[in-house]
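**Student:** This is the structure I have questions about; it appears just below.
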Amino acid sequence: MGLSKFAEAPVPFNPEIHEALTHETSSEVSEPTASKILQPGYKFKDRVIRPARVAVTDPEVSA
């Protein structure tokens, strides 16, 4: 019918389809990553109806 759920993780964080609810840091990632899906998102055809709500893991910053 055109409506689809999306909830893939871990994937690079994309503000067009993800809403960040939490942030943490890790040396295991090299770019901001949607590491955990807290609530799936929905698309109708190619249009985002509701972004996926995610936990984001950011790379650690070297001092």
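In terms of numbering that gives the first Met the number 0, the sequence shown has 26 at position 27, counting the first letter as 1, and numbering is strictly consecutive. Beta carbons are placed, not taken as given, at the ideal position from N, Cα and C, and that holds for glycine.
#1: Report the rounded CA-to-CA distance for A8 versus I36, giving the unit in angstroms.
#2: With a Cβ-Cβ cutoff of 8 angstroms, do H17 and A33 count as a contact?
#3: Run the CB neighbour count on F12, radius 10 Å, all protein chains shown included, and call it buried at 16 or more, exposed below.
#4: Please check the pair D57 and P31, which I expect to be a contact at CB under 8 angstroms, by giving their CB distance rounded to whole angstroms.
#5: Would you identify the three-state DSSP class for E59, choosing helix, strand or coil?
**Tutor:** The answer reads as follows:
#1: 6 angstroms
#2: yes
#3: buried
#4: 5 angstroms
#5: coil
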